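Here is the structure we will look at, set down as structure tokens.
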Amino acid sequence: MPTNKILEILKDFGIEELRPPQKKALEKGLLDKNKNFLISIPTASGKTLIGEMALINHLLDENKNPTNKKGIFIVPLKALASEKYEEFKNKYERYGLRVALSIGDYDEDEDLSRYHLIITTAEKLDSLWRHKIDWIDDVSVVVVDEIHLINDESRGGTLEILLTKLKKFNIQIIGLSATIGNPEELANWLNAELIVDDWRPVELKKGIYKNGIIEFINGENREIKAINNNDIYNLVVDCVKDGGCCIVFCNTKRGAVNEAKKLNLKKFLTNEEKRKLKEVAEEILSILEPPTEMCKTLAECILNGSAFHHAGLTYQHRKIVEDAFRNKLIKVICCTPTLSVGLNLPCRRAIVKDLTRYTNRGMRYIPIMEIQQCIGRAGRLGLDPYGEGIIVAKNDRDYLRSYQVLTQKPEPIYSKLSNQAVLRTQLLGLIATIEIRDEYDLEWFIRNTFYAYQYGNLREVAKNINEVIRFLEEKEFMIDFIPTELGKRVAELYIDPLSAKYMIDGLNEMENEDDIYYLYLISKTLEMMPNLRVYKSEELNLIDEMENLGIKSFEIEDLEAFKTAKMLYDWISEVPEDEILKKYKIEPGILRYKVENAVWLMHALKEMAKIIGKNSEIPEKLEIRLEYGAKEDIIELLNVKYIGRVRARKLYNAGIRNVEDIINNPSKVASIIGEKITKKILEDLGIKFGQQKLIF
DNA sequence: AATCCCTTGTTCTAGACAGCATGTC
DNA sequence: CTAGAACAAGGGATT
């Protein structure tokens, strides 16, 4: 497809002129379908559009009709996938392209072969691959957003293996990356043309704030009027009173909340804004019934024109905060790294409060790349004359580091394939899908990884790999590179083989069938880490309870797993959410996250039980109970569409205990949960019953 | 004896991907 | 390498 055809399509969405990096990519042969690309340019400078041009080039023909080739767009977050899905659907369905979203908890359609453009995550694509996708040969282009995530300790290895697999096919790969230290290396490995550029649509002024003055890297200085002795407050007010808005990046959730509390901007709000903010605050309080402490704090901040944003918020909370910020109602968001990746949420002034962060190896500097991505948030196209990225330096050491961060190039990225958990999961995946059938395949595959490309010497990784291979063989996931039934199933379930082994051992050694024991088994897996912290005062009680269940090991990790199991038990016992949160000292978002993981792992445990011939009924029940957070007696009601834990409990207490009761007492049901919903439920059931009759 | 102030000790720390089933005239 | 806030506990002085 010639370039001008692409430009014509872009005009359909109002894009008249390309930006410099986009032009550069075209000049270097982006539309040559056999040429891979690595695009390393700043946030918000039009990376995605480069990927889109490549997609259009493959998916549409001269007459703007589908070519029936496939394109895949890989993003790092589910939230981002949903956002892109909506965007692409709006843009490309008019040409007859069928767009699908395929992420963990949501599938557009089981049969993705009918779609042209698939939006997904690396893990999901990997998982699809394990379930044997038959359409991979139709794929002719893959765009990988935030490809530098290959550097991520826990998830990078998966992306790397996926890319290594994709490279074997005749597929054009377009990697989109933030600015990184060693783009050449990554590009060479990908056999890709490299585009590096620092062009930005809005100028970014980088500066360090110290002693009441912002010193910009370009030499300018700006004195900040001190209203009080809170540096962040003064910086925020300085921006907000000119009609701007800010994002403050913090290194802890508590820090983000505390900063947000201190930023009272009432003085700068119009009455109209105050009224609307009140509505937003009420919306926040309506998410959870009753509202938790966190909800109340957030609502109070919002009345002041500020907000916090971190993993403790539920998705609904986050969405409300993000939207209110986009609508310029909320003037400042104090956040953890939740906002440093992905999401399009620009501001006029991005403030970095902390340069270090606590890790499992103690306090460490936050990578230059991450901070550059944070400050890259500054500058709203068409709204701000320029963006300001400011680091707050508390002392001389901070000042030096800030200067480094703002002027030096980011760290190089490194393969994280040495991560044992990733290696176990990935090698089993490759063996289960018969992509690796013997030692030669294995060696050949490893040689093609980024790891091998970077380190050359394979001796170190060979040791790791042999260990994993031995483990897989010993635990009967495979015999002589032939996957066993167990191995295949574990690969499909997408759990760490080590977790599968824990589960199987646990099921075999089980002395009783208490619900809590099953919850304990899944809490012991790596996938559930980190577990809840156990305080000294709790230890003896926990050990006591564990002994009664026949658990014999009382390492601190075991106690933590058991405490987590107890929390999950409370969840499925319908203990009110706010009570659970208080008791275990966590926030709503974290509870949801834990529960989501637990549902997945309980499903895996059920499958493990089936495979080794153990009772799978209890895990099956627990899976449903975890999903809804409910007791056993209302499971049947929960299986009915439109009935969740609250409606089910109401109905149950009123004597409606199963599907039959619903059908026989529609008016009673309607009086409890409303007529509209009852009608919907009956409609749904009617169809189901029709099908059942056919079977009889 | 109750209260207050200051010092010392202790605790705690970011984020977020993955599974589904169901046989068959 | 590259921490610092928040809170609890304890000691001593003051009222």
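Residue 421 in the UniProt record's numbering sits at position 421 of the first sequence; the count goes up by one each step and never skips. Think of the CB as a built atom: it goes at the ideal place given N, C-alpha and C, for glycine as much as any other residue. For clarity, every value in this text was computed on a predicted model and none was experimentally measured.
(request) Would you decide whether Ile695 is buried or exposed? Buried here means 16 or more other CB atoms lie within 10 Å of its CB. (result) Residue numbering aside, residue 695 sits at position 695 when the first sequence is read from its first letter. The pLDDT assigned to Ile695 is 33, lower than 50, so where the model puts this residue is not dependable, and the model offers no usable value.
(request) Have a look at Ile465 and Leu428 and give me their C-alpha separation to the nearest angstrom. (result) Indexing the first sequence from 1 puts residue 465 at position 465. Indexing the first sequence from 1 puts residue 428 at position 428. Cα-Cα distance, rounded: 11 Å.
(request) Just tell me which of Ala561, Ile504, Ile580 has its CA closest to the CA of Met546. (result) Along the first sequence, read from residue 1 onward, the residue named residue 546 stands at position 546. Comparing alpha carbon positions, the residue from Ala561, Ile504, Ile580 closest to Met546 is Ala561.
(request) Run the CB neighbour count on Ile213, radius 10 Å, all protein chains shown included, and call it buried at 16 or more, exposed below. (result) Stepping through the first sequence from its first residue, residue 213 is reached at position 213. Exposed is the label assigned to Ile213, since fewer than 16 other Cβ atoms lie within 10 Å of its Cβ.
(request) Assuming Cys374 contacts Val352 (C-beta within less than 8 Å), just tell me the rounded distance between them. (result) Residue numbering aside, residue 374 sits at position 374 when the first sequence is read from its first letter. Residue numbering aside, residue 352 sits at position 352 when the first sequence is read from its first letter. Indeed they touch by this definition, with Cβ atoms about 6 Å apart.
(message) Tell me the DSSP secondary structure of Ser140 in three-state form.
(response) Here residue 140 refers to the residue found at position 140 of the first sequence. Note: Ser140 maps to strand in three-state DSSP.
(request) Using a threshold of 8 Å, state whether the C-beta atoms of Ile171 and Val196 are closer than that. (result) For the purposes of this step, residue 171 is identified with residue 171 of the first sequence, where counting begins at 1. For the purposes of this step, residue 196 is identified with residue 196 of the first sequence, where counting begins at 1. Taking a C-beta distance under 8 Å as the contact criterion, Ile171 and Val196 do not qualify as a contact pair.
(message) For Asn90 and Val99, what's the separation of their Cα atoms in angstroms?
(response) The residue labelled residue 90 in the question sits at position 90 within the first sequence. The residue labelled residue 99 in the question sits at position 99 within the first sequence. Whole-angstrom Cα-Cα distance: 10 Å.
(message) Is it buried or exposed, Gln372, if we count other Cβ atoms within 10 angstroms and call 16 or more buried?
(response) Within the first sequence, residue 372 is the residue found at index 372, counting from 1. Within 10 angstroms of the beta-carbon of Gln372 lie 16 or more other beta-carbons, which makes it buried.
(request) Evaluate contact between the region 540-556 and the region 435-447, counting only Cβ atoms and requiring at least three cross-stretch pairs below 8 Å. (result) They do not touch, by the three-pair rule.
(request) Could you check if Phe37 is buried or exposed, using at least 16 other CB atoms within 10 Å of its CB as the buried criterion? (result) Counting from one through the first sequence, the residue named residue 37 turns up at place 37. Buried: at least 16 other Cβ atoms inside 10 Å.
(message) At the level of alpha carbons, what is the spacing between His603 and Glu623?
(response) The sequence position of residue 603 within the first sequence is 603, counting from 1. The sequence position of residue 623 within the first sequence is 623, counting from 1. One C-alpha to the other measures close to 6 Å.
(request) Report the option in Tyr115, Phe216, Tyr403 whose CA atom is closest to the CA atom of Tyr85. (result) Walking along the first sequence from the start, residue 85 turns up at place 85. Nearest C-alpha to Tyr85 among Tyr115, Phe216, Tyr403: Tyr115.
(request) In angstroms with no decimal places, state the Cα-to-Cα distance between Pro42 and Phe308. (result) Your numbering for residue 42 matches position 42 in the first sequence. Your numbering for residue 308 matches position 308 in the first sequence. Spanning the two alpha carbons is a distance of roughly 25 Å.
(message) Suppose the cutoff is 7 Å on Cβ atoms and the five residues either side in sequence are ignored; what does the same chain contact list for Leu507 look like?
(response) As a position in the first sequence, residue 507 is number 507, starting the count at 1. For Leu507, where only same-chain residues beyond five positions count, the Cβ hits under 7 Å are Met608, Ala609, Ile612, Lys614.
(request) Look up Asn28 in the DSSP assignment and give the residues it is bridged to. (result) Reading the first sequence from its first residue, position 28 is the one you call residue 28. One point to set straight first is that residue 28 is Lys, not Asn, in the sequence displayed. DSSP output for Lys28 lists no bridge partner at all.
(message) Give me the DSSP bridge partner(s) of Lys210.
(response) As a working mapping, residue 210 is identified with position 210 in the first sequence. Paired residues: Ile213.
(message) Quick check on Cys301: does DSSP put it in helix, strand or coil?
(response) Indexing the first sequence from 1 puts residue 301 at position 301. Note: Cys301 maps to helix in three-state DSSP.
(message) Which residue wins for smallest C-alpha separation from Trp199, given the options Lys47, Met53, Gly104?
(response) The residue labelled residue 199 in the question sits at position 199 within the first sequence. Closest option to Trp199, Cα to Cα, is Lys47.
(request) Specify the secondary structure class of Ile695 as computed by DSSP and reduced to three states. (result) Residue numbering aside, residue 695 sits at position 695 when the first sequence is read from its first letter. Confidence at Ile695 is low in this model, with a pLDDT of 33, below 50, so its placement is unreliable and no value can be given for it.
(request) Decide yes or no for the touch test of the region 415-429 against the region 231-247: beta carbon pairs closer than 8 Å, at least 3 of them. (result) Touching, no, given that fewer than three Cβ pairs across the two stretches are closer than 8 Å.
(request) Tell me, please, which residues DSSP counts as bridged to Asn221. (result) Counting from one through the first sequence, the residue named residue 221 turns up at place 221. Glu215, per the DSSP bridge assignment.
(message) Comparing C-alpha positions only, which one of Leu285, Leu343, His317 sits nearest to Asp145?
(response) Within the first sequence, the letter at position 145 stands for residue 145. With distances taken between Cα atoms, Asp145 lies closest to Leu343.
(request) Would you be able to state if there are at least three C-beta pairs under 8 Å between the region 201-213 and the region 382-402? (result) Taking one beta carbon from each stretch, the region 382-402 and the region 201-213 have 3 or more pairs nearer than 8 Å; the two touch.
(request) Give the straight-line distance between the Cα atoms of Asp514 and Lys69, rounded to the nearest whole angstrom. (result) The residue given as residue 514 occupies position 514 in the first sequence. The residue given as residue 69 occupies position 69 in the first sequence. Taking the straight line from one Cα to the other gives about 52 Å.
(request) Please name the residue, chosen from Ile161, Ser177, Arg130, that lies closest to Leu149 on a Cα-to-Cα basis. (result) One-based indexing of the first sequence puts residue 149 at position 149. The alpha carbon of Leu149 has as its nearest neighbour, out of Ile161, Ser177, Arg130, the alpha carbon of Ser177.
(message) Tell me the DSSP secondary structure of Ser154 in three-state form.
(response) For the purposes of this step, residue 154 is taken as residue 154 along the first sequence, with counting starting at 1. Ser154 falls in the coil class under three-state DSSP.
(message) Between Ile677, Leu568, Gly589, which has its C-alpha nearest Val599's C-alpha?
(response) Here the question's residue 599 lines up with position 599 in the first sequence. Comparing alpha carbon positions, the residue from Ile677, Leu568, Gly589 closest to Val599 is Leu568.
(request) Please say whether Gly387 and Arg348 have beta carbons closer to each other than 8 Å? (result) Sequence index remark: in the first sequence, residue 348 carries index 348 (1-based). Sequence index remark: in the first sequence, residue 387 carries index 387 (1-based). In this structure, the beta-carbon distance from Arg348 to Gly387 falls below 8 Å.
(request) In angstroms with no decimal places, state the Cα-to-Cα distance between Asn258 and Pro337. (result) Here the question's residue 258 lines up with position 258 in the first sequence. Here the question's residue 337 lines up with position 337 in the first sequence. Their backbone Cα atoms lie some 16 Å apart in a straight line.
(request) Give the DSSP-derived three-state secondary structure of Met608 in the structure shown. (result) Mapped onto the first sequence, residue 608 falls at position 608. Helix, per DSSP.
(request) Apply the 10 Å Cβ neighbour rule to Gly96 and answer buried if 16 or more other Cβ atoms are within range, or exposed otherwise. (result) The sequence position of residue 96 within the first sequence is 96, counting from 1. Using a 10 angstroms sphere on the CB of Gly96, the tally of other CB atoms stays under 16, which defines it as exposed.
(request) Select from Thr297, Asp138, Asn151, Glu632 the residue whose C-alpha is nearest the C-alpha of Phe450. (result) For the purposes of this step, residue 450 is taken as residue 450 along the first sequence, with counting starting at 1. Minimum Cα distance to Phe450 is reached at Asn151.
(request) Look at the Cβ atom of Gly379, then the Cβ atom of Leu204, and state whether they are nearer than 8 Å. (result) Looking up residue 379 in the first sequence gives position 379. Looking up residue 204 in the first sequence gives position 204. Yes, the Cβ-Cβ distance between Gly379 and Leu204 is below 8 Å.
(message) As an exercise, report each continuous beta strand (DSSP E) stretch of at least 3 residues that is fully enclosed by the region 246-303, in chain order.
(response) Listed in chain order, the complete beta strand (DSSP E) runs (minimum 3 residues) inside the region 246-303 are 246-249.
(message) Please list the terminal residues of the continuous beta strand (DSSP E) segment that includes Gln172.
(response) Working through the first sequence from its first residue, we reach residue 172 at position 172. Note, Gln172: beta strand (DSSP E), 172-177.
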